[in-house]
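Okay, so here's the structure we're looking at.
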Amino acid sequence: MKLTRLAKISVVTACLTLASANSFAALPWFGNSDKESTPTLAPMLEKATPAVINIAAAGVKKEQQNVPELFRHFFGQRGQGHVQEKPFRTAGSGVIIDADKGYIVTNHHVIADTDKIMITLKDGRQFEAKKLGSDADSDIALLQIEADNLTALPLADSDKLRVGDFAIAIGNPFAIGQTVTSGIISALGRSGLGIENYENFIQTDAAINSGNSGGALVNFNGELIGINTAILGPAGGNVGIGFAIPSNMMKNLVDQIVEFGEIKRGVLGISGDNIDAGLAKAFGLSTSQGAIVRQVFEDTAAEEAGIKPGDAIISINDKKVTSFHELRAKIGTIGAGNTVKLGIIRDGESMTIKVKLRESEGANVIAENIHPALQGAKLANGETQDNQKGVIVKSIDARTPATSIGLEEGDVIIGVNRQRVTNLAELRDKFDDNQDNIIALNIVRGRSQLYLVIR
Numbered sequence: 346m347k348l349t350r351l352a353k354i355s356v357v358t359a360c361l362t363l364a365s366a367n368s369f370a371a372l373p374w375f376g377n378s379d380k381e382s383t384p385t386l387a388p389m390l391e392k393a394t395p396a397v398i399n400i401a402a403a404g405v406k407k408e409q410q411n412v413p414e415l416f417r418h419f420f421g422q423r424g425q426g427h428v429q430e431k432p433f434r435t436a437g438s439g440v441i442i443d444a445d446k447g448y449i450v451t452n453h454h455v456i457a458d459t460d461k462i463m464i465t466l467k468d469g470r471q472f473e474a475k476k477l478g479s480d481a482d483s484d485i486a487l488l489q490i491e492a493d494n495l496t497a498l499p500l501a502d503s504d505k506l507r508v509g510d511f512a513i514a515i516g517n518p519f520a521i522g523q524t525v526t527s528g529i530i531s532a533l534g535r536s537g538l539g540i541e542n543y544e545n546f547i548q549t550d551a552a553i554n555s556g557n558s559g560g561a562l563v564n565f566n567g568e569l570i571g572i573n574t575a576i577l578g579p580a581g582g583n584v585g586i587g588f589a590i591p592s593n594m595m596k597n598l599v600d601q602i603v604e605f606g607e608i609k610r611g612v613l614g615i616s617g618d619n620i621d622a623g624l625a626k627a628f629g630l631s632t633s634q635g636a637i638v639r640q641v642f643e644d645t646a647a648e649e650a651g652i653k654p655g656d657a658i659i660s661i662n663d664k665k666v667t668s669f670h671e672l673r674a675k676i677g678t679i680g681a682g683n684t685v686k687l688g689i690i691r692d693g694e695s696m697t698i699k700v701k702l703r704e705s706e707g708a709n710v711i712a713e714n715i716h717p718a719l720q721g722a723k724l725a726n727g728e729t730q731d732n733q734k735g736v737i738v739k740s741i742d743a744r745t746p747a748t749s750i751g752l753e754e755g756d757v758i759i760g761v762n763r764q765r766v767t768n769l770a771e772l773r774d775k776f777d778d779n780q781d782n783i784i785a786l787n788i789v790r791g792r793s794q795l796y797l798v799i800r
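Read in order, the letters of the sequence shown are residues 346 to 800 in this note's numbering.
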């Protein structure tokens, strides 16, 4: 078996043998066809499917072509070889989560390295999407389109899911068009699969295939419970083992992209292991699920909060934690600066510890992703000495475009072309909206204000 991401293309439809018509008749989504008294999901799907869209994206990849030493002089180089640009296309799915703002969530791997992203709605309308932010480690991306009369899926609380709950997968398998399949929740908290860096997957047997990436996993009330991401199967085909990113995890990441334009990943500052029967016995625990703390690193959020080696972490914000992988994934997607409540067992006693998460190293924004002239600077949300909110230059490399325009470490950007900006998301928007070749940055440096011009 091999794990396969889904951003190519798919076909199979699967059906679930429903128990009996009577067992569903009382549910709000349930409907009967006009001609026959048979159970149907059509009423719910008629409301939900317009929120799931098809994605067609294109880009160019640069590949190093290794050239034998004997022939390298023909290519005019003596290095490793010839760099060749190869155009590529990818197909996938997405879910509208905010109809008014045109927000669409999909997988990072669907739109990674692409230059043009086209969205096709169920009604046939097409729009070019703008990429607001993307995170490879959790495989989430946020897009935006400008369109009227959109339908968004309401979000369910994915922490309330149970194994055995019914699930519906909606997506664009093999780019053949919108397809709906059904199944159940097969498992929760799947991790250690090596698909993403932060894994806390919902597993389902609803048939999903290549091209379903970024599509919706919904419950029978038409609420979004997950973003379909990967499958386990030979040659990338469906064998009834699919994985989706939980809706709560997705929302935490999307909220950060909306606020900062990037993911501001939170960290505890510990290393640990999954609690199993052996560890439970060794530490005298009454549970065989959770995370055991092996080490608490110096000058971290965990040390500041008083977490100790040997602590068993069994819940986060009153929600049960089944493994160290799940704990890491949830902490890593909640966001730096937020306070979480950890349920802990220490020496047989239960306690609750509140921890204010710190920012992961390297979580600062790479400024060249906002504008090439800012290359060499790392940015973060910050404040001036008199508490004006803005974007602070956390560090800057010498002899880079950012130093050429006059930026210095500690500068706080508070405006672009005389328009106020208070955070990274607003800074990115002002650059994206700029129609002129000249950009004037309003900078606060210490107690002084100045303008730096980008031409």
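Beta carbons are placed, not taken as given, at the ideal position from N, Cα and C, and that holds for glycine. Given the structure is predicted, the values throughout are model-derived calculations rather than measurements.
Which of the three DSSP states is assigned to residue i in this structure?
i      : result
Pro373 : No answer about Pro373 holds up, because its pLDDT of 49 lies below 50 and its placement is not dependable.
Lys558 : For the sequence presented, residue 558 should be read as Ser rather than Lys. Coil.
Leu786 : strand
Ala627 : helix
Ile456 : helix
Pro388 : helix
Glu544 : coil
Leu719 : helix
Lys446 : coil
Ser355 : In this predicted model, Ser355 has a pLDDT of only 33, less than 50, meaning its place in the structure is not dependable enough to derive any value.
Leu795 : strand
Ala725 : strand
Ser503 : helix
Ala520 : helix
Ala743 : coil
Ala486 : strand
Leu538 : coil
Asp550 : coil
Thr394 : helix
Asp731 : coil
Gly424 : Residue placement at Gly424 is poorly supported in this model, since its pLDDT is 47, which falls under 50; the coordinates still yield a value, given next. If DSSP states are grouped into helix, strand and coil, Gly424 belongs with coil.
Leu363 : Low per-residue confidence applies at Leu363: pLDDT is 39, beneath 50, and the placement is therefore not dependable, though the value from the model is reported in the following sentence. The answer is coil: DSSP assigns Leu363 none of H, G, I, E or B.
Where do the ends of the beta strand (DSSP E) carrying residue i lie?
i      : result
Glu491 : That residue, Glu491, is in no beta strand (DSSP E); it is neither H nor E in DSSP.
Glu805 : The chain is shown from 346 up to 800; residue 805 falls before or after that span and cannot be answered.
Phe511 : Phe511 to Gly516
Leu533 : Thr524 to Arg535
Ser705 : Taken as a continuous stretch (DSSP letters only), Ser705 belongs to no beta strand (DSSP E), as it is neither H nor E.
Asp480 : Lys475 to Asp480
On the DSSP bridge assignment, give the partners of residue i in chain order.
i      : result
Asn399 : Ser438 and Thr465
Arg340 : No answer is possible for residue 340: the residues shown for the chain start at 346 and end at 800.
Arg773 : In DSSP, Arg773 forms no bridge with anything.
Asn619 : Ala636
Val738 : Leu724
Gly760 : Arg765 and Asn787
Thr451 : Ala486
Gly755 : Note: Gly755 sits in no beta bridge, so no partner.
Leu687 : Ile661 and Ile698
At what residues does the alpha helix (DSSP H) containing residue i begin and finish?
i      : result
Leu749 : Correcting the residue type first, residue 749 is Ser in the shown sequence and not Leu. Pro746 to Ser749 is the span of the alpha helix (DSSP H), which, as asked, contains Ser749.
I'd like to confirm something about residue i: is its beta-carbon nearer than 8 Å to some heavy atom of the ligand PLP, or not?
i      : result
Ala718 : Within the structure as shown, the ligand PLP is missing, as the structure has no ligands at all.
Worksheet item: Quick one: complete beta strand (DSSP E) runs, 3+ long, within the region 562-616?
Response: DSSP runs (the beta strand (DSSP E)) wholly in the region 562-616: 569-578 and 587-591.
Worksheet item: Are the region 551-558 and the region 514-522 in contact at 8 Å, needing three or more beta carbon pairs?
Response: By the Cβ criterion, the region 551-558 is in contact with the region 514-522, since at least three pairs of Cβ atoms, one from each stretch, lie closer than 8 Å.
Item to complete: Mind the definition here: the region 390-403 touches the region 485-500 only if three or more C-beta pairs lie below 8 Å; say whether that holds.
Response: Output reads yes: the region 485-500 touches the region 390-403.
Discussion item. Check whether the region 449-460 and the region 475-483 touch, using three or more Cβ-Cβ pairs below 8 Å as the test.
Written reply: Counting Cβ pairs under 8 Å, three or more are found: they touch.
Practice prompt. Scan the region 630-685 and note each continuous alpha helix (DSSP H) run of 4 residues or more that stays entirely inside, going in chain order.
Written response: Here the runs fully enclosed are 646-650 and 669-679.
Fill in: Segment contact, 8 Å Cβ cut-off, at least three pairs: the region 465-472 with the region 590-601
Judged by Cβ distances under 8 Å, the region 465-472 makes no contact with the region 590-601, as fewer than three pairs qualify.
Worksheet item: Is the number of C-beta pairs between the region 640-652 and the region 605-625 that are closer than 8 Å three or more?
Response: Touching, yes, given that three or more Cβ pairs across the two stretches are closer than 8 Å.
Worksheet item: Counting pairs of Cβ atoms below 8 Å between the region 714-733 and the region 781-798, do you hit three or more?
Response: Contact between the region 714-733 and the region 781-798 is present, because at least three Cβ pairs lie under 8 Å.
Worksheet item: Does the count of Cβ pairs from the region 677-692 and the region 749-761 closer than 8 Å reach three?
Response: Short answer: they don't touch.
Item to complete: Evaluate contact between the region 565-577 and the region 621-630, counting only Cβ atoms and requiring at least three cross-stretch pairs below 8 Å.
Response: A contact between stretches requires three or more CB pairs, one per stretch, nearer than 8 Å, and the region 565-577 fails this requirement with the region 621-630.
Practice prompt. Check whether the region 645-665 touches the region 735-746, taking contact to mean three or more Cβ pairs, one atom from each stretch, closer than 8 Å.
Written response: Contact between the region 645-665 and the region 735-746 is absent, because fewer than three Cβ pairs lie under 8 Å.
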